[in-house]
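In the numbering used here, the protein residues as written are 6 to 145.
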Amino acid sequence: IDAVSLTGEDGAPVAEISSGRGLTVSLKLSSRDGPITHPIVGLAIHRESDGVICYESSTEADGIDLGTLEGARAVALHFDRLDLLPGDYLLDVGLYRADWEFAYDFHWQAYPLRVVGSHADKGVFRPPHRWEIGSSASRS
Numbered sequence: 006i007d008a009v010s011l012t013g014e015d016g017a018p019v020a021e022i023s024s025g026r027g028l029t030v031s032l033k034l035s036s037r038d039g040p041i042t043h044p045i046v047g048l049a050i051h052r053e054s055d056g057v058i059c060y061e062s063s064t065e066a067d068g069i070d071l072g073t074l075e076g077a078r079a080v081a082l083h084f085d086r087l088d089l090l091p092g093d094y095l096l097d098v099g100l101y102r103a104d105w106e107f108a109y110d111f112h113w114q115a116y117p118l119r120v121v122g123s124h125a126d127k128g129v130f131r132p133p134h135r136w137e138i139g140s141s142a143s144r145s
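See below:
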């Protein structure tokens with residue numbers, strides 16, 4: 006993993022986003038010691054305060070096969086909405102062998118991200134939602 010960047014919806018680098026906004030995590034990969042067949046890219050988002058894994062996925066989990074990595078390659082994961090509650094988070098990324106036996110490279114909780122917002126909810130994420138209140142029925 007040669008480089009990792011976090012960018013907002015406008016493509017500009019970010020260290021902070023508003024809850025519910027888009028985020029792209031871009032990786033620049035290269036194989037210096039020969040080809041790597043069917044590597045897996047993994048990403049996790051941890052809540053900084055207690056280390057809880059808020060999200061974890063990989064190219065394999067999403068059915069993406071990177072084929073053979075020779076030379077340089079760019080890989081990006083786009084979140085259309087990152088509905089994490091306000092707080093501080095850490096991202097880690099890794100490049101793994103096709104059988105998960107070892108990591109070619111792993112950047113553990115290396116990329117900080119602050120999520121801001123005015124939500125009073127508790128937990129990890131704030132899914133899009135709405136309340137519906139029916140009229141009260143009168144009793145006789």
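Backbone N, C-alpha and C fix where the C-beta goes; we use that ideal spot for every residue, glycine too.
_Runs of alpha helix (DSSP H) wholly within the region 41-76 (minimum 4 residues, chain order)_ = Qualifying alpha helix (DSSP H) stretches: none in this window.
TODO: Measuring alpha carbon to alpha carbon, tell me which of L48, T73, H134 ends up nearest D3.
DONE: Any property of residue 3 remains undetermined from this structure, which presents the chain solely from 6 to 145.
Review point. Which full runs of the beta strand (DSSP E) of 3+ residues lie inside the region 106-143, going along the chain?
Key: As far as the region 106-143 is concerned, its whole beta strand (DSSP E) runs of at least 3 residues are 108-121.
Q. What's the gap between the Cα of G92 and the Cα of I6?
A. 27 Å
(Q) My output table needs one value for D30: the three-state DSSP class, helix, strand or coil. (A) The displayed chain sequence assigns Val, not Asp, to residue 30. Of the three classes helix, strand and coil, the one that applies to V30 here is strand, per DSSP.
What are the boundary residues of the beta strand (DSSP E) that D93 is part of? 92-101
Going by DSSP, what residue range makes up the beta strand (DSSP E) through S10? 8-12
Excluding the 5 residues flanking H124 on each side, which residues of the same chain have their C-beta closer than 8 Å to its C-beta?
S24, L90, P91, R131
message = For the region 64-80 against the region 31-43, do three or more pairs of beta-carbon atoms, one drawn from each stretch, fall closer than 8 Å, so that the two count as touching?
response = yes
Next on the checklist: Which of the three DSSP states is assigned to A81 in this structure?
Outcome noted: strand
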